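In my numbering, the protein residues as written are 38 to 346. Quick notes on the structure that follows.
Dropping the structure here:
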């Protein structure tokens with residue numbers, strides 16, 4: 038019960054305040070969108086830039102950790118894709134979008150604050166290692182699969198260009214890449230720039246959680262209940278279970294196990310809807326999965342915190 042009250046509920050209360058603000062028209066949809074644009078397009082990329090630029094790459098980029106997490110993610114994508122096609126009888130493009138919902142856990146807006154509140158700020162290094170590859174990996178998998186589905190029987194010569202172009206339009210990926218550039222080059226940033234970044238970074242997660250609540254108000258569940266439950270079960274139960282098994286198999290430390298499993302246990306992120314909307318496929322399933330998964334994750338995260346060492 039302590040974990041529920043002290044770790045989980047404060048994070049979800051901030052989301053709830055944002056939901057309530059838009060529901061009761063204290064904030065308009067456009068204001069909530071603007072807040073998410075600021076956090077997703079600027080504040081969180083700054084946070085990722087700072088984290089990656091100062092991360093000990095040799096210590097925290099553990100291939101066993103990354104392999105454990107992304108084996109789980111890729112397995113869930115494949116299950117979501119095949120389930121969409123053969124269980125729910127969707128076309129291949131809609132099935133890819135459903136698979137992407139199962140692939141893209143909310144590693145940033147939920148994973149970081151939950152891990153920090155549960156285990157302290159010092160426990161986030163493994164989270165940042167996972168997050169550094171999360172958007173590039175997920176978008177590379179999703180876009181590649183979608184372009185193959187859309188061009189069945191046609192030429193895929195332009196596929197690498199399309200994938201790279203889509204990825205490098207993403208501000209999160211640009212922040213990560215700049216962080217790697219500073220880290221590997223050994224550049225020392227001016228003190229005044231670091232102070233400015235600190236001011237922005239402090240706003241990133243609380244503002245993003247509040248904005249997430251406002252955006253979720255639009256994603257009220259409607260129809261496709263079986264497909265939505267399918268996505269939610271894979272995201273909240275199967276993904277972390279696979280990662281937990283892989284961390285034991287690979288002999289990871291307690292800290293890495295906690296970060297890997299908790300990151301995998303998060304609900305589908307807003308990017309699941311962004312991806313579905315980008316292609317106009319399975320938007321209702323994606324939007325409702327984000328909302329339902331976020332709500333149900335209050336209980337499932339509590340369970341995973343009880344299971345983890």
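Ideal placement from N, C-alpha and C gives every residue a C-beta, glycine not left out. The structure displayed is predicted, hence computed values, not measured ones.
The alpha helix (DSSP H) enclosing residue i, as first and last residue numbers
{"i": "residue 344", "result": "320-344"}
{"i": "residue 213", "result": "208-222"}
{"i": "residue 275", "result": "It is not in any alpha helix (DSSP H) - residue 275 carries neither H nor E in the DSSP assignment."}
{"i": "residue 189", "result": "Segment: none, residue 189 is in no alpha helix (DSSP H) and carries neither H nor E."}
{"i": "residue 76", "result": "Element bounds for residue 76: n/a, residue is neither H nor E."}
{"i": "residue 154", "result": "149-156"}
{"i": "residue 248", "result": "228-253"}
{"i": "residue 117", "result": "100-119"}
{"i": "residue 56", "result": "46-60"}
{"i": "residue 124", "result": "From DSSP, residue 124 is part of no alpha helix (DSSP H); its letter is neither H nor E."}
{"i": "residue 270", "result": "262-270"}
{"i": "residue 136", "result": "129-140"}
{"i": "residue 161", "result": "Unbroken run through residue 161: none, as it is neither H nor E."}
{"i": "residue 90", "result": "81-90"}
For residue j and residue i, believed in contact at Cβ under 8 Å, the rounded distance
{"i": "residue 105", "j": "residue 220", "result": "The Cβ separation is near 23 Å, so there is no contact."}
{"i": "residue 173", "j": "residue 124", "result": "Wrong, their Cβ atoms sit about 29 Å apart, outside the cutoff."}
{"i": "residue 276", "j": "residue 301", "result": "4 Å"}
{"i": "residue 327", "j": "residue 117", "result": "Wrong, their Cβ atoms sit about 14 Å apart, outside the cutoff."}
{"i": "residue 280", "j": "residue 252", "result": "With 8 Å as the limit, residue 280 and residue 252 do not qualify as a contact, their Cβ atoms being about 27 Å apart."}
{"i": "residue 132", "j": "residue 121", "result": "3 Å"}
{"i": "residue 213", "j": "residue 169", "result": "5 Å"}
{"i": "residue 146", "j": "residue 306", "result": "7 Å"}
{"i": "residue 255", "j": "residue 66", "result": "7 Å"}
{"i": "residue 45", "j": "residue 341", "result": "Actually they do not touch by this definition, with Cβ atoms about 10 Å apart."}
Nearest candidate by alpha-carbon position, reference residue i, set the options
{"i": "residue 319", "options": "261, 148, 108", "result": "261"}
{"i": "residue 175", "options": "189, 144, 159", "result": "144"}
{"i": "residue 141", "options": "252, 337, 108", "result": "108"}
{"i": "residue 322", "options": "130, 64, 271, 264", "result": "264"}
{"i": "residue 215", "options": "69, 83, 61, 333", "result": "83"}
{"i": "residue 85", "options": "166, 130, 229", "result": "166"}
{"i": "residue 150", "options": "67, 287, 240", "result": "240"}
{"i": "residue 179", "options": "134, 197, 168, 266", "result": "134"}
{"i": "residue 242", "options": "153, 296, 281, 266", "result": "153"}
{"i": "residue 156", "options": "48, 283, 295, 63", "result": "295"}
{"i": "residue 206", "options": "254, 78, 185", "result": "78"}
{"i": "residue 181", "options": "171, 169, 189, 200", "result": "200"}
{"i": "residue 76", "options": "110, 346, 244", "result": "244"}
{"i": "residue 325", "options": "290, 298, 98, 266", "result": "266"}
{"i": "residue 330", "options": "342, 304, 341, 316", "result": "304"}
{"i": "residue 293", "options": "159, 337, 232, 112", "result": "159"}
{"i": "residue 80", "options": "335, 333, 238, 46", "result": "238"}
{"i": "residue 163", "options": "183, 103, 218, 278", "result": "103"}
{"i": "residue 223", "options": "56, 233, 69, 92", "result": "92"}
{"i": "residue 98", "options": "289, 336, 344", "result": "289"}
{"i": "residue 217", "options": "88, 282, 231, 56", "result": "88"}
{"i": "residue 314", "options": "278, 130, 234", "result": "130"}
DSSP state of residue i mapped onto helix, strand, coil
{"i": "residue 305", "result": "strand"}
{"i": "residue 65", "result": "coil"}
{"i": "residue 290", "result": "coil"}
{"i": "residue 205", "result": "coil"}
{"i": "residue 317", "result": "coil"}
{"i": "residue 300", "result": "helix"}
{"i": "residue 93", "result": "coil"}
{"i": "residue 284", "result": "helix"}
{"i": "residue 181", "result": "helix"}
Near the ligand GDP: residue i beta-carbon under 6 Å from a heavy atom
{"i": "residue 218", "result": "Looking at this structure, you won't find the ligand GDP or any other ligand, since it has none at all."}
Does the stretch 124-140 come within contact of the stretch 291-310, defined as at least 3 CB pairs closer than 8 Å?
With the rule of 3 Cβ pairs closer than 8 Å, the stretch 124-140 counts as touching the stretch 291-310.
Under 8 Å, with one C-beta from each stretch per pair, do the stretch 236-249 and the stretch 267-274 reach the 3-pair mark?
Contact fails: fewer than three Cβ-Cβ distances are below 8 Å.
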